[in-house]
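When the letters of the sequence shown are read in order and numbered with my numbering, they come out as residues 5 to 377.
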Amino acid sequence: MGHHSIHSTVCAALLSLIAVDALGAPASLKAAYGFAIGAAMNSPQISQGEKALLLAQFTNLTPENCMKPKALQPTEAKFTFETSDALVSFAQQNGLKVNAHTLLWHEACPDWFFQDGGHPASRELALKRMRNHIQTVVTHFRGKVTSWDVVNEAISQTPGEYLRKTKWMSCIGEDFIAEAFRAAREADPAAELYYNDYSIEYREQREKTLRLIRYLKARNVPLDGIGIQGHWQLDQVPLTSIEEAIIAFHAEGLKVMITELDLDVVPRKITGANAGHKESAGADRYPNGLPPEMLRRQAEQYRALFELFRKHSDKISRVTFWGLHDGASWLNHWPYKRTNYPLLWGRDLQPKPALQAVLAVPPSRSLDLLPKN
Ligand code: XIL
């Protein structure tokens, strides 16, 4: 068989693998890329339209809030699994994989973890509570979730400072991270264990992340992957940094994921995603829809992002959007209340130009089916 006919045979095989619409573009997001496609969700109580969209387009879901420490153990030893159990069985019934989020974070974490009477808890007490939380929660979902974001946002955003000054740090110290991963692996040897953070694509944050990765690896701590959250803003997507980060984390032998993707179109002061940050309410600039020119720019920037993801699809295992459609995005509330349009489907569940742009990114050699030369 000549080179040319091998090429066309492989192309035909490839096309038969993915559903295509009349124009030849893939008909769904999940058919279009070699990696898993996820959406964050708060509960299985969604409309029929939302459910149809979810099942047609996505392979994975991430619980947006219901598995955070505050939701699962609001007071010591009183575990509340109702919402998260409902969400997990919804996922199981519908063939979606669950990427659980998150065992340890400084936000959405009740203060009792760090208190002892009126005093700060000792290292031993805080460690015991941390291990107990992880052991109980991870055991509860064992076999039902694919992965855990074990530690979320532990790296400092302050220039020159390595780890964030949180109560986990002040009560336990730097090794709370290693201890958390060990406890999670012990409770579920099959779940993949990730470190997840925002702005770690930028050079200084990336260096800190590499330092953490190497520290953990040197101690044989079980770490399987790095989640780059991906809360970006229109006209400020740091493509070069993102590419460098994907390459650098993958070179450490880890899976790389984009875990909380959205593209904010309403100006805000803060970059990244410090969920504790609030801004004085700006104007609700686009209450009745986004100008077509901005929809076009957003589509263009989503296209550039997915071209990059396509180029590195041998390194990226999943891309998860932080919400199913514009109406379900946290960016309608954070860092101040406004009507936002950060995702691929509108609040009316109709596809936006950004979806068409993402689906139109041509398959490349990195799909791994075509000869590489
Ligand atoms: C956000 C949720 O989307 C909001 O509903 C909640 O009020 C605050 O948390 N980084 C993370 C996520 O890791 O857990 C955050 O989710 C967004 C920033």
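Think of the CB as a built atom: it goes at the ideal place given N, C-alpha and C, for glycine as much as any other residue.
| Asked | Found |
| --- | --- |
| Any alpha helix (DSSP H) of 4 or more consecutive residues that is wholly inside the region 171-237 | 171-175, 180-191 and 207-222 |
| Beta carbon of Q161 nearer than 8 Å to that of S93 | no |
| 8 Å Cβ cutoff met for H316 and I250 | yes |
| Test item: CB-CB of W152 and A188 under 8 Å | yes |
| Per DSSP, the bridge partner or partners of P67 | M45 |
| Burial state of T106 (16 or more Cβ within 10 Å) | buried |
| Residue from K259, L294 and Y290 with nearest C-alpha to V323 | K259 |
| According to DSSP, residues forming a beta bridge with H281 | H281 pairs with nothing; no bridge assigned. |
| Member of P78, N103, I50 and L267 whose CA lies at the smallest distance from the CA of L309 | L267 |
| Top-ranked residue by Cα proximity to Y290, from P30, P271 and V241 | P271 |
| Segments of 4+ residues assigned as alpha helix (DSSP H) that fall wholly inside the region 122-166 | 127-144 |
| Every unbroken beta strand (DSSP E) inside the region 52-116 [3 residues or more] | 64-67 and 101-108 |
| C-alpha distance - A287 paired with V269, whole-angstrom precision | 13 Å |
| Euclidean distance between Cα positions of W116 and N224 | 31 Å |
| Inter-stretch contact at 8 Å, needing at least 3 Cβ pairs: the region 33-53 / the region 73-85 | no |
| Own chain, CB closer than 8 Å to I159, minus 5 neighbours either side, in chain order | Y166, L167, R168, D201, I204, Q209, K212, T213 and L216 |
| Three or more C-beta pairs below 8 Å linking the region 295-310 and the region 228-244 | yes |
| Whole beta strand (DSSP E) elements within the region 234-269, 3-residue minimum | 235-237 and 259-268 |
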